[in-house]
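Peer 1: Residue numbers (our numbering): -4 to 524.
Beta carbons: idealized from backbone N, C-alpha and C, even for Gly.
Remember, predicted model here, so these are calculated numbers, not experimental data.
The structure follows.
Right under this line is the structure:
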């Protein structure tokens, strides 16, 4: 492939463009994002106003309050460790391809191939799940505001399509303001979460006790006949409840995907990545504790399948109930907008290296530096992935949780591969300005083991009716995460061995800037940041 010659003295490059050129790419995306904007996109995608509200029921039914009050900080700590490992990698390799680029560079093209496809399907799924959750809460809001609005499942899906389309249009035509909207999103999440906590503290007439919040256990999963003390509860049911935390705090790889648009990316993207996890973990825990203290009508919440909206409806006045739902819905809308940005950048970067069918189309950018075709294709893929929700019956939203599981497994498995490859490289790894130093071994192995464990749990059935051979088995109750993930892995494996291994060589250079990496950017792998 022909490469673009290095700019002449009359066309100098700044440090970011030079570092990108050393990694093999010319600057095509517009680099106008600040470090705060880089942090903002991951903070918005994590979105405690989205995940804490939409997947609360998963933890409530699978463990109850202890899965939230104790499970959230425990799992958040593991996720922060994963974030530290990834921050070191983005500091060394600040490219839009991010995750798969790291894998292909530290390993072989096959590593980049599988990492890229896992990451791409994970980003598609997280976008679909966020927008479907937003549609669910918008449906609830419309039902509360208008008596004639029925709030049916089909109406939810219709709203989902509208929201997904709006997010695509904002990303296509809002190139001048998309980074500003990310900043606005941060402040909406901070102020909105604080407002919800204050409402749940001050408005309800009574609250649950500390004993309820920190010791009460529920098993509404259908597994183990409601038992909350046996092996089934501790080793199957309760871990399923951790999906709340694992799903909410994800998508932080967005800091890497927009690194080519971020100024001072080698430091700013690394700091934005781990800080987005840390601040979300703290804020989310406070928010969820407020939920639990306000959850006084346990029977009503159980009847609603653990849906968080039942907490607000039973403990608040109609005015404040609507206020909380509106705050969350707007936060989720911002979150979905950020998800489309991250997803489209990954699709663009992976196509730039010819890994996606029709790569010439998806790797194009318009005159504003926006990958329009990648945005359209990725949003349509999210729509297709969520189609089973049209056939969802009343009760626990298995189809939604299946999409959530696809998002978690796809993304975290794509994180696992480069983290493991960095462990394998040892001191041969040339770190960027932000590095873990000698701590990379301990933190890296913790990250690898944690991802392997959760990837097993989240392909398991969510309800007994989804277990083949069960008397009540029905396909609408099946967790189709293993089918989606397994299908993708099987497809890309067959494609790799039949064809791609002959032509996919990993990242392709589009600019030729010879010479060693500048010493100012490099740091020995065992020297702490």
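Given residue 187, which residues of its chain have a CB within under 8 Å of its CB, disregarding the five upstream and five downstream residues?
Peer 2: In the chain shown, counting from the first residue as 1, residue 187 sits at position 192. 44, 322, 323, 325 and 326, listed in sequence order.
Peer 1: Measuring CB to CB, does residue 246 end up less than 8 Å from residue 446?
Peer 2: To locate residue 246, count along the chain shown from 1; it is residue 251. To locate residue 446, count along the chain shown from 1; it is residue 451. Not closer than 8 Å, so no.
Peer 1: Using 10 angstroms around the beta-carbon of residue 162, count the other beta-carbons present and answer buried if the total reaches 16, otherwise exposed.
Peer 2: The sequence position of residue 162 within the chain shown is 167, counting from 1. Label assigned to residue 162: buried.
Peer 1: Does the contact criterion of 3 or more C-beta pairs under 8 Å hold for the region 129 to 140 versus the region 476 to 495?
Peer 2: Judged by Cβ distances under 8 Å, the region 129 to 140 makes no contact with the region 476 to 495, as fewer than three pairs qualify.
Peer 1: Alpha carbon to alpha carbon, how far is residue 366 from residue 347?
Peer 2: In the chain shown, counting from the first residue as 1, residue 366 sits at position 371. In the chain shown, counting from the first residue as 1, residue 347 sits at position 352. Distance between the alpha carbons of residue 366 and residue 347: 11 Å.
Peer 1: Between the alpha carbons of residue 11 and residue 473, how many angstroms are there, rounded?
Peer 2: Reading the chain shown from its first residue, position 16 is the one you call residue 11. Reading the chain shown from its first residue, position 478 is the one you call residue 473. Distance between the alpha carbons of residue 11 and residue 473: 47 Å.
Peer 1: Identify the residues that DSSP records as bridge partners of residue 213: which are they?
Peer 2: Here residue 213 refers to the residue found at position 218 of the chain shown. The partner list for residue 213 (beta bridge, DSSP) reads 58.
Peer 1: Kindly indicate which residue of 56, 401, 448 and 338 has the alpha-carbon position closest to the one of residue 159.
Peer 2: Reading the chain shown from its first residue, position 164 is the one you call residue 159. Of 56, 401, 448 and 338, the residue nearest in Cα terms is 338.
Peer 1: Comparing alpha-carbon positions, which option in 358, 238 and 96 lies nearest residue 24?
Peer 2: As a first step, residue 24 is located in the chain shown; it is residue number 29 there, counting from the start. Nearest C-alpha to residue 24: 358.
Peer 1: Provide the residue span of the alpha helix (DSSP H) that contains residue 174, from first to last.
Peer 2: Locating residue 174 in the chain shown gives position 179, counting from the first residue. Note, residue 174: alpha helix (DSSP H), 173 to 197.
Peer 1: Of the choices 32, 455, 477 and 484, whose alpha-carbon is the least far from that of residue 252?
Peer 2: Walking along the chain shown from the start, residue 252 turns up at place 257. Looking at the Cα atoms, 32 is the closest of the given residues.
Peer 1: Could you check what DSSP says for residue 447 in three-state terms: helix, strand or coil?
Peer 2: Sequence index remark: in the chain shown, residue 447 carries index 452 (1-based). In this structure, residue 447 counts as helix in the three-state DSSP scheme.
Peer 1: Ends of the alpha helix (DSSP H) at residue 67?
Peer 2: Locating residue 67 in the chain shown gives position 72, where the first residue counts as 1. Unbroken alpha helix (DSSP H) run through residue 67: 66 to 87.
Peer 1: Reducing DSSP to helix, strand and coil, say where residue 121 ends up.
Peer 2: Counting from 1 along the chain shown, the entry for residue 121 is found at position 126. It is helical.
Peer 1: Taking 6 Å as the limit between beta carbons, can you name the residues of its chain near residue 49, skipping five residues before and five after?
Peer 2: Residue mapping note: residue 49 aligns to position 54 of the chain shown, counting from 1. Closer than 6 Å at Cβ, skipping near neighbours: 128.
Peer 1: Taking buried to mean at least 16 other C-beta atoms within 10 Å of its own C-beta, is residue 485 buried or exposed?
Peer 2: On the chain shown, position 490 is the one that residue 485 refers to. With fewer than 16 other Cβ atoms within 10 Å, it is exposed.
Peer 1: Report the CB separation of residue 114 from residue 406 in whole angstroms; it is logged as a contact under 8 Å.
Peer 2: Walking along the chain shown from the start, residue 114 turns up at place 119. Walking along the chain shown from the start, residue 406 turns up at place 411. The pair is a contact, with the Cβ atoms about 7 Å apart (cut-off 8 Å).
Peer 1: Would the beta-carbon of residue 448 fall within 8 Å of that of residue 242?
Peer 2: Residue numbering aside, residue 448 sits at position 453 when the chain shown is read from its first letter. Residue numbering aside, residue 242 sits at position 247 when the chain shown is read from its first letter. Cβ atoms of residue 448 and residue 242: not closer than 8 Å.
Peer 1: Just to confirm before moving on: does the CB-CB distance between residue 249 and residue 333 stay below 8 Å?
Peer 2: Working through the chain shown from its first residue, we reach residue 249 at position 254. Working through the chain shown from its first residue, we reach residue 333 at position 338. It is a contact, given that the beta carbons lie within the stated cut-off.
Peer 1: CB residue 299 to CB residue 290, shorter than 8 Å?
Peer 2: For this step, residue 299 is matched to residue 304 along the chain shown. For this step, residue 290 is matched to residue 295 along the chain shown. Not a contact, by the Cβ cut-off of 8 Å.
Peer 1: Can you say whether residue 352 is buried or exposed, counting buried as having 16 or more other CB atoms within 10 angstroms of its CB?
Peer 2: As a position in the chain shown, residue 352 is number 357, starting the count at 1. Under this definition residue 352 is an exposed residue.
Peer 1: Taking residue 202 as the reference, give the member of 400, 293, 438 and 227 with the closest Cα.
Peer 2: Here residue 202 refers to the residue found at position 207 when the chain shown is read from its first residue. Of 400, 293, 438 and 227, the residue nearest in Cα terms is 293.
Peer 1: Relative to the C-alpha of residue 498, which residue among 108, 426 and 145 is closest?
Peer 2: Here residue 498 refers to the residue found at position 503 of the chain shown. Answer by Cα proximity: 108.
Peer 1: Less than 8 Å between the C-beta atoms of residue 183 and residue 329, yes or no?
Peer 2: For the purposes of this step, residue 183 is identified with residue 188 of the chain shown, where counting begins at 1. For the purposes of this step, residue 329 is identified with residue 334 of the chain shown, where counting begins at 1. For residue 183 and residue 329, yes; Cβs fall inside 8 Å.
Peer 1: Pick helix, strand or coil for residue 28, following the three-state DSSP scheme.
Peer 2: In the chain shown, residue 28 corresponds to position 33, counting from 1. If DSSP states are grouped into helix, strand and coil, residue 28 belongs with the strands.
Peer 1: From the DSSP output, which residues share a beta bridge with residue 257?
Peer 2: Residue mapping note: residue 257 aligns to position 262 of the chain shown, counting from 1. For residue 257, which the question treats as bridged, DSSP gives the partners 28.
Peer 1: Do the CB positions of residue 192 and residue 285 come within less than 8 Å of each other?
Peer 2: As a working mapping, residue 192 is identified with position 197 in the chain shown. As a working mapping, residue 285 is identified with position 290 in the chain shown. Yes, Cβ-Cβ distance for residue 192 and residue 285 is below 8 Å.
Peer 1: Would you decide whether residue 206 is buried or exposed? Buried here means 16 or more other CB atoms lie within 10 Å of its CB.
Peer 2: One-based indexing of the chain shown puts residue 206 at position 211. The residue is exposed, with fewer than 16 neighbouring Cβ atoms inside 10 Å.
Peer 1: For the candidate residues 21, 276, 15 and 35, whose alpha-carbon lies nearest to that of residue 176?
Peer 2: Here residue 176 corresponds to residue number 181 of the chain shown, with the count starting at 1. Nearest option by C-alpha distance: 35.
Peer 1: Which same chain residues, not among the five before or five after residue 85, have their C-beta less than 7 Å away from its C-beta?
Peer 2: Residue 85 sits at position 90 when you count from the first residue of the chain shown. The residues are 93, 250, 251, 254, 264, 265 and 268.
Peer 1: Hey, residue 296 and residue 55 are a contact pair by Cβ (cut 8 Å); roughly how many whole angstroms apart?
Peer 2: By 1-based counting over the chain shown, the position of residue 296 is 301. By 1-based counting over the chain shown, the position of residue 55 is 60. Indeed, because the Cβ distance is near 7 Å, the residues count as touching under 8 Å.
Peer 1: My assumption, with CB atoms under 8 Å, is that residue 89 sits in contact with residue 208. Please give the rounded CB distance.
Peer 2: One-based indexing of the chain shown puts residue 89 at position 94. One-based indexing of the chain shown puts residue 208 at position 213. 42 Å between Cβ atoms; not a contact.
Peer 1: Please classify residue 421 as buried or exposed, where buried requires at least 16 other C-beta atoms within 10 Å of its C-beta.
Peer 2: Counted from its first residue, the chain shown places residue 421 at position 426. Per the 10 Å Cβ criterion, exposed.
Peer 1: Just curious, the alpha helix (DSSP H) that residue 203 is in, first and last residue?
Peer 2: Reading the chain shown from its first residue, position 208 is the one you call residue 203. No alpha helix (DSSP H) holds residue 203; DSSP gives it neither H nor E.
Peer 1: Residue 141 by DSSP, collapsed to three states: which one?
Peer 2: Start at 1 with the first residue of the chain shown, and residue 141 comes out as number 146. Looking at residue 141 - three-state DSSP - the assignment turns out to be coil, as it is neither helix nor strand.
Peer 1: Tell me whether the beta-carbon of residue 417 lies closer than 8 Å to the beta-carbon of residue 410.
Peer 2: Within the chain shown, the letter at position 422 stands for residue 417. Within the chain shown, the letter at position 415 stands for residue 410. No, these two residues do not count as a Cβ contact at 8 Å.
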